[in-house]
Each structure stands twice: as C-alpha cells, then as structure tokens.
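2 protein chains.
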Amino acid sequence: ILRLTDIAKTYVLGEQQVPALRGVSFAVQAGEYVAIMGASGSGKSTCMHIMGCLDRPTAGSYVLDGRRVDGLTRDELARVRNRRIGFVFQGFNLLARTSALENVELPLIYSRLPRARRRERALAALDRVGLADRAGHTSTQLSGGQQQRVAIARALVNEPAMVLADEPTGNLDTATSREIMDIFASLNAAGATVVMVTHEPDIAACAARRLLFRDGLLVADSAAGQE
Amino acid sequence: ILRLTDIAKTYVLGEQQVPALRGVSFAVQAGEYVAIMGASGSGKSTCMHIMGCLDRPTAGSYVLDGRRVDGLTRDELARVRNRRIGFVFQGFNLLARTSALENVELPLIYSRLPRARRRERALAALDRVGLADRAGHTSTQLSGGQQQRVAIARALVNEPAMVLADEPTGNLDTATSREIMDIFASLNAAGATVVMVTHEPDIAACAARRLLFRDGLLVADSAAGQE
Ligand SMILES: Nc1ncnc2c1ncn2[C@@H]1O[C@H](COP(=O)(O)OP(=O)(O)OP(=O)(O)O)[C@@H](O)[C@H]1O
Ligand SMILES: Nc1ncnc2c1ncn2[C@@H]1O[C@H](COP(=O)(O)OP(=O)(O)OP(=O)(O)O)[C@@H](O)[C@H]1O
Ligand SMILES: [Mg+2]
Ligand SMILES: [Mg+2]
Chain U
15 ILRLTDIAKT YVLGEQQVPA LRGVSFAVQA GEYVAIMGAS GSGKSTCMHI MGCLDRPTAG
75 SYVLDGRRVD GLTRDELARV RNRRIGFVFQ GFNLLARTSA LENVELPLIY SRLPRARRRE
135 RALAALDRVG LADRAGHTST QLSGGQQQRV AIARALVNEP AMVLADEPTG NLDTATSREI
195 MDIFASLNAA GATVVMVTHE PDIAACAARR LLFRDGLLVA DSAAGQE
Chain B
15 ILRLTDIAKT YVLGEQQVPA LRGVSFAVQA GEYVAIMGAS GSGKSTCMHI MGCLDRPTAG
75 SYVLDGRRVD GLTRDELARV RNRRIGFVFQ GFNLLARTSA LENVELPLIY SRLPRARRRE
135 RALAALDRVG LADRAGHTST QLSGGQQQRV AIARALVNEP AMVLADEPTG NLDTATSREI
195 MDIFASLNAA GATVVMVTHE PDIAACAARR LLFRDGLLVA DSAAGQE
C-alpha cells in the first residue's frame, strides 16, 4: 500500500541544519500491522507525518496506493489524507475550546453525511474508546488519557484504509491500553493497514512486524530477508 | 512533608457535576519516593495539581511543610510552589514560541540569580536530560520525547525539595527512560521527595511506595499498615 524510497527530511533552523531523516526506505503491504520503535529524536514522528501526507520529504519518493505523492500540493495531500488515512498524533492535536464530540466529528465534515449521521458516528467512535459520557467536555476538561482516546476516536471515525498511530497508549493505564489495542486489532482484522509508533515492547508485540529507527535511519526490519 | 485529609474536587460543567476526587487521604514523609497508579480518569492528575499548589480542593485539608495551604490565595500558592516544588506536567505545558533554554530558565526568573548564572543552570539542566544540543529549538521543533525532557529539566532547575512528575516517561524509549529514572533516583538520594504518576509497572517499581487510585478514591497504599 505504501513505499518509501530514500526518504530524507532536513529541518533548517537559521544557519543550522537538522537531518531528522537521512535516507529511509521500506514498503508496507495492504493489511499489515507494523510497529515502529527507536530512541527519542530518532525520526519516528517525522516519518509518520510524511507517511500520513501531513508533511513533505526534502528528498526521496513516497508512493501511496500506487501513486507518487511526495510532489503533491498541500490541497491534493489533504484530499488523499482525509479519504484514506486516520492519524493519531503523539500530542493529540485536539481543538481547544471544542467538545470531544465535535473534535471526533471533524474528519466527517467533508463527507456527504447529514449532520445527524455525523453526530451518530462520532458518538459511536467515542463510545468505542469508553468516552460516551465525556462527549461534551472540551480538551482542558479531560484527563490526559481521555484526550489521547479522543484523538484515537477521531482517527477512526472515517473508517480509514490506513491508521497511523503515534504513541497511542503513552498516557493509558494497562487495562485501558488493552482495550485500545483490541480496537486496533479488530480494525486490522477488518482489513485496515496499521502502523504504530510505540516505546513499549508489550504494545509492539501486538504487531506482526517491527521497524527500528536510530538517528534518522532505519536500522532493523523484522520482515527483512523474508521476501 | 505533606498530608491530604478528605480531599475532594468536583468540577462543575453547566448543570453537571464531575467528582474527580471523592475524599482522598494520605501523608508523605520528607524524602519518600512514591508512585501513583490508576485507570485513566481516576483522579491522579487532579490530585497532583492540588499537591503541587496549582489548584485548590473543593473540600478537605492540605498541609504542606506543616502549613495549611488549601485556603491560600493564588499569589501565596504561587510563592510556595515556586520555592519548593518542581512539577512535570502530563502535557508538558511548554511555552510555544520560546526556546527550550528559556523554558527551562523560567522558574529561576524569581530567584536573585544574575542572567548569566540562570542561563548556566538552565543549560546544565538541559544537559542532564541529554538535550544540550537542542537548547535553541522551540517546542514545535522538538520531538515528543524531547519536549517531555525539557519539561523535566524545567522542574529540576530550581533544585526543589519536592518533585511531582505526571507520567514523565510516557513518550520516552526504554533507554532514555532509564536515564530519566536515574536522575529521579539521584534527586531522591540527595533528599528530595519524589511523587510520580505512571502507568508502567517497571517505572513504578523504582519507587519505594505505591498508591492506587480508582474513581476519585485512594483504594490501595503499599505503606498502609506499616506505621
Ligand atoms: N476541568 C475539568 N472539568 C470537568 N471535568 C474534568 C476537568 N478536569 C478533569 N476532569 C475530569 O476529572 C476526572 C479525573 O481527571 P484526571 O486528569 O485527574 O485523571 P487522571 O487519573 O490523571 O487520568 P489519566 O491517567 O487519563 O491522565 C476525569 O474523568 C476528567 O474527565
Ligand atoms: N520543526 C523542526 N525543526 C527542527 N528540528 C526538528 C523539527 N521537528 C523535529 N525536529 C528534530 O528532528 C528530530 C526527529 O524528530 P521526531 O519528532 O521525528 O523524533 P521521534 O523519533 O518521534 O522522537 P520521540 O520518540 O521523542 O517522539 C529530533 O531530533 C528533533 O529535534
Ligand atoms: Mg515522536
Ligand atoms: Mg492524568
């Protein structure tokens, strides 16, 4: 479903250059379940943002669903993203003065669904992560783990073909993490491609394949040599 | 060093009441190392904010360093907080368009230190968490785990008597978590009281005592029955 070839990303800060990704190449088949691990600052989120069409690489090619996307305009990227990809941000990225329900509804705004149907689907997604009773709270009225679960619900509400989750259980207790991992497992069983960044080995063990990043490079791939 | 007695906190949202804490009582001796665990939404962060003088309880008493603080004004609370407590927020709470160095310097602004000395201490704190080379980056130019470490450095720069850390390793890989836990261990060895919220059993195991929260109540205390 996706192929990264020699993807590089360099940030420029004044006179300084920060090479966040230094030539990363790998492919993911439709329906795979991949875990990404690596040290803090090794480039995982940067790679996830490029994969999620939220950012463009400085160099290299990104082919998604058979189509080269690294050269697309912002609008074209947004359209690809909204239809096909659900993204759970490491920092949640919830709208501040907006309720949990409205935050989860957001990806459905561009769909043709009438308002009542959007509300219904957003409420069902919140219920799935155990937050039906927090639908009216804004993000400052939610605990850290509740904010994280709203971000997860928002990523799922559009029933995306590919889910990219950046540290989705970082603020969740073991029992709640288990429930969230069950959701990802059932999405994957239903055919969705799941790519998840995590630092917890127990969570990574739920995936069929593991990628290891270090200093902007892919240094290990549990699927390598299995073609 | 601190004693909570029947601490309750109820949030009011329009007509609805959310009882985040429903009568929590425990004491912590100076120099202890305590871990707090519990399900998402069980009241851990709410309790930490009250302990850190960042919020006031709806009911109950909070005695810190022999002094009743639940009735203090905002200014008085701020003074107690700044002198004695280092707080690592679950959501980091870094200033957005401000460099990592300036964020870490912030608690020193009220001290009598000259600017050069403040810079020096802030840089030393950043170096301690492995981020000396990221001093000039703003929070949007840092990875999730780097932002978390800046929040940790900021909490330590004032050499506080008590450190309250809310999920300080939620975004850190195992190796970096180990380094951060070593910092907390050495602070505790030097006499600081450490209270840490975590959902990871390995991290909780570094503490000498564990508190378990559920639905706004303290349901277990590994020190109970040991007086
Ligand atoms: N400002 C607020 N207004 C209304 N309800 C709130 C507010 N802040 C928190 N709550 C509610 O209080 C409860 C406890 O929140 P708290 O942040 O203390 O939980 P927590 O144990 O830290 O959870 P987590 O592990 O998810 O971080 C939650 O159910 C939350 O929805
Ligand atoms: N906008 C930016 N400007 C400059 N440097 C940046 C920017 N964003 C990220 N970086 C740097 O790029 C590197 C990779 O960042 P990235 O967020 O991909 O790391 P990560 O692997 O997700 O880390 P973590 O596990 O801590 O979340 C980091 O060293 C970071 O400081
Ligand atoms: Mg990251
Ligand atoms: Mg919390």
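First to last, the sequence lines map onto chains U and B. Using our numbering, the first residue of the first sequence is number 15, and each one after it goes up by one. Using our numbering, the first residue of the second sequence is number 15, and each one after it goes up by one. Each residue gets a CB set at the ideal place from its N, CA and C atoms; glycine is no exception. Keep in mind that this is a model prediction, so the values were computed, not measured.
request  = Return the chain-ordered list of same chain residues with a C-beta closer than 7 Å to the C-beta of Val38(B), the five sequence neighbours on each side being excluded.
outcome  = Translated into positions along the second sequence, residue 38(B) becomes position 24. Cβ neighbours of Val38(B) beyond the five flanking positions: Leu18, Ile21, Cys61, Leu231, Leu232.
inquiry  = At a threshold of 7 Å, does Tyr76(B) count as lining ligand 1 (C-beta to nearest heavy atom)?
reply    = Taking the first residue of the second sequence as position 1, residue 76(B) is located at position 62. No, the Cβ of Tyr76(B) stays beyond 7 Å of every heavy atom of ligand 1.
task = Determine whether the Cβ of Glu181(B) lies closer than 8 Å to any Cβ atom of chain U.
result = Looking up residue 181(B) in the second sequence gives position 167. Yes, its Cβ sits closer than 8 Å to a Cβ of chain U.
query = So, is the C-beta of Asn185(B) closer than 8 Å to a C-beta in chain U?
reply = Counted from its first residue, the second sequence places residue 185(B) at position 171. True, the Cβ-Cβ gap to chain U drops below 8 Å.
ask   = Nearest chain B C-beta to His63(U) closer than 8 Å, yes or no?
value = Indexing the first sequence from 1 puts residue 63(U) at position 49. His63(U) has a beta carbon lying at 8 Å or more from every beta carbon in chain B.
query = Once you ignore the five residues that flank Arg81(U) on each side, which residues in its own chain have a CB closer than 7 Å to its CB?
reply = The residue given as residue 81(U) occupies position 67 in the first sequence. Excluding positions up to five away in sequence, the list is empty.
message = Give me the chain U residues within the contact set of Gln160(B), using Cβ-Cβ distance strictly less than 7 Å, ordered along the chain.
response = For the purposes of this step, residue 160(B) is taken as the residue at position 146 of the second sequence. What Gln160(B) touches in chain U: Ser54, Gly55.
request  = Following the continuous beta strand (DSSP E) through Asp180(U), name the residue where it begins and the one where it ends.
outcome  = Against the first sequence, residue 180(U) aligns to sequence position 166. Per DSSP, Asp180(U) belongs to the beta strand (DSSP E) from 176 to 180.
message = By the DSSP assignment, the alpha helix (DSSP H) with Val94(B) in it spans what residues?
response = Position 80 of the second sequence, counted from the start, is the residue given in the question as residue 94(B). Boundaries of the alpha helix (DSSP H) around Val94(B): 88 to 98.
task = Mind reading off the beta-carbon distance from Val118(U) to Leu91(U)? Whole number of angstroms is fine, and I expect it under 8 Å.
result = Residue mapping note: residue 118(U) aligns to position 104 of the first sequence, counting from 1. Residue mapping note: residue 91(U) aligns to position 77 of the first sequence, counting from 1. The C-beta distance from Val118(U) to Leu91(U) rounds to 22 Å, too long to fall under 8 Å, and the pair is not in contact.
message = As an exercise, report each continuous beta strand (DSSP E) stretch of at least 3 residues that is fully enclosed by the segment 144 to 220 of chain B, in chain order.
response = Entirely contained in the segment 144 to 220 of chain B, the beta strand (DSSP E) runs reaching 3 residues are, in chain order, 176 to 180, 207 to 211.
key: Given Ile50(B) as reference, the closest of Ala44(B), Asn202(B), Ala179(B), Ala189(B) once Cα atoms are compared   = Numbered from its first residue, the second sequence carries residue 50(B) at position 36. For the residues Ala44(B), Asn202(B), Ala179(B), Ala189(B), the minimum Cα distance to Ile50(B) belongs to Ala179(B).
task = Would you mind telling me which residues of chain U sit closer than 7 Å to Ser59(B), beta carbon to beta carbon, in chain order?
result = Within the second sequence, residue 59(B) is the residue found at index 45, counting from 1. Correct list: Ser157, Gly158.
message = Alpha carbons only, please: which of Phe40(B), Gly55(B), Ala41(B), Leu35(B) is nearest the one belonging to Asp147(U)?
response = Residue numbering aside, residue 147(U) sits at position 133 when the first sequence is read from its first letter. Nearest option by C-alpha distance: Gly55(B).
query = Going along the segment 24 to 56 of chain U in order, which residues come within less than 9 Å of chain B, judged by CB to CB distance?
reply = If the cut-off is 9 Å between Cβ atoms, the segment 24 to 56 of chain U has Tyr25, Leu27, Gly28, Gln30, Val32, Ala34, Met51, Gly52, Ala53, Ser54, Gly55, Ser56 near chain B.
message = With a threshold of 6 Å on Cβ separation, who are the neighbours of Ala234(B) within its own chain once the five nearest residues in sequence on each side are excluded?
response = The sequence position of residue 234(B) within the second sequence is 220, counting from 1. Take Ala234(B), set aside five residues on each side of it, and the residues of its chain with a beta-carbon closer than 6 Å to its own are Leu226, in chain order.
C-beta neighbour in chain B for Thr188(U), strict 8 Å = Counted from its first residue, the first sequence places residue 188(U) at position 174. Cβ-Cβ to chain B under 8 Å: yes for Thr188(U).
inquiry  = Less than 7 Å separating the Cβ of Lys58(B) from some heavy atom of ligand 4?
reply    = Here residue 58(B) corresponds to residue number 44 of the second sequence, with the count starting at 1. Taking 7 Å as the cut-off, one finds at least one heavy atom of ligand 4 near enough to the beta carbon of Lys58(B).
query = Mind listing which residues of the segment 105 to 120 of chain B have their C-beta closer than 7 Å to chain U's C-betas, in chain order?
reply = Interface annotation for the segment 105 to 120 of chain B against chain U: Gly105, criterion Cβ-Cβ distance under 7 Å.
task = Thinking Asn96(U) and Tyr76(U) are a contact (beta carbons under 8 Å), I'd like their distance in whole angstroms, please.
result = On the first sequence, residue 96(U) is found 82 positions in, with the first residue counted as 1. On the first sequence, residue 76(U) is found 62 positions in, with the first residue counted as 1. At roughly 17 Å, the Cβ-Cβ gap does not stay under 8 Å, so Asn96(U) and Tyr76(U) are not in contact.
task = Please name the residue or residues paired with Asp235(B) in a DSSP beta bridge.
result = Taking the first residue of the second sequence as 1, we reach residue 235(B) at position 221. Answer by DSSP bridge pairing, in chain order: Leu225(B).
message = Would you call the segment 165 to 173 of chain B in contact with the segment 98 to 114 of chain B, where contact means no fewer than 3 C-beta pairs closer than 8 Å?
response = The segment 165 to 173 of chain B is in contact with the segment 98 to 114 of chain B.
task = Pull up the distance between the alpha-carbon of Asn185(U) and that of Pro182(B), whole angstroms please.
result = Along the first sequence, read from residue 1 onward, the residue named residue 185(U) stands at position 171. Along the second sequence, read from residue 1 onward, the residue named residue 182(B) stands at position 168. Taking the straight line from one Cα to the other gives about 10 Å.
ask   = Whose CA, out of Ala169(B), Gly105(B), Thr212(B), Met195(B), lies closest to the CA of Ala138(B)?
value = Position 124 of the second sequence, counting from 1, holds the residue named residue 138(B). Looking at Ala169(B), Gly105(B), Thr212(B), Met195(B), the one whose alpha-carbon comes closest to that of Ala138(B) is Ala169(B).
task = Report yes if the C-beta of Gly52(B) is less than 7 Å from at least one heavy atom of ligand 4; otherwise report no.
result = As a first step, residue 52(B) must be located in the second sequence, where it is residue number 38. No, the beta carbon of Gly52(B) sits no closer than 7 Å to any heavy atom of ligand 4.
request  = Check the C-beta distance from Phe198(B) over to Val209(B) and give it rounded, since I have them as a contact under 8 Å.
outcome  = Within the second sequence, residue 198(B) is the residue found at index 184, counting from 1. Within the second sequence, residue 209(B) is the residue found at index 195, counting from 1. For a cut-off of 8 Å, the C-beta gap from Phe198(B) to Val209(B) is around 10 Å, too long to register as a contact.
ask   = So, using beta-carbon positions, are Tyr47(B) and Asn172(B) closer together than 8 Å?
value = Within the second sequence, the letter at position 33 stands for residue 47(B). Within the second sequence, the letter at position 158 stands for residue 172(B). For Tyr47(B) and Asn172(B), no; Cβs fall outside 8 Å.
message = For Leu16(B) and Ala41(U), what's the separation of their Cα atoms in angstroms?
response = Within the second sequence, residue 16(B) is the residue found at index 2, counting from 1. Within the first sequence, residue 41(U) is the residue found at index 27, counting from 1. Straight-line Cα distance between these residues: approximately 54 Å.
ask   = If we ignore side chains and look at the alpha-carbon of each, how far apart do Gly45(B) and Met176(B) end up?
value = Reading the second sequence from its first residue, position 31 is the one you call residue 45(B). Reading the second sequence from its first residue, position 162 is the one you call residue 176(B). Near 8 Å, if we compare the C-alpha coordinates of Met176(B) and Gly45(B).
Rounded straight-line distance, which links the Cα of Cys67(B) to that of Ser191(U) = Here residue 191(U) refers to the residue found at position 177 when the first sequence is read from its first residue. Here residue 67(B) refers to the residue found at position 53 when the second sequence is read from its first residue. CA-to-CA, the gap between Ser191(U) and Cys67(B) works out to about 30 Å.
query = What does a CB cutoff of less than 8 Å around Arg133(B) pick up in its chain, not counting 5 residues either side in sequence?
reply = The residue labelled residue 133(B) in the question sits at position 119 within the second sequence. Within its own chain, the residues whose Cβ lies closer than 8 Å to the Cβ of Arg133(B), once the five positions on either side in sequence are excluded, are Leu115, Glu119, listed in chain order.
ask   = How should Glu29(U) be labelled, buried or exposed, when 16 other C-beta atoms within 10 angstroms of its C-beta is the threshold for buried?
value = In the first sequence, counting from the first residue as 1, residue 29(U) sits at position 15. Answer is exposed; the Cβ neighbour count stays below 16.
inquiry  = Please return the same chain residues whose Cβ sits closer than 8 Å to the Cβ of Thr87(U), not counting the five positions on each side in sequence.
reply    = Here residue 87(U) refers to the residue found at position 73 when the first sequence is read from its first residue. The beta carbon of Thr87(U) lies closer than 8 Å to none in the same chain, with the five residues before and after it left out.
ask   = Can you find a C-beta in chain B that's less than 8 Å from the C-beta of Pro128(U)?
value = Numbered from 1 along the first sequence, position 114 holds the residue referred to as residue 128(U). Under the Cβ criterion of 8 Å, Pro128(U) is not counted among the residues facing chain B.
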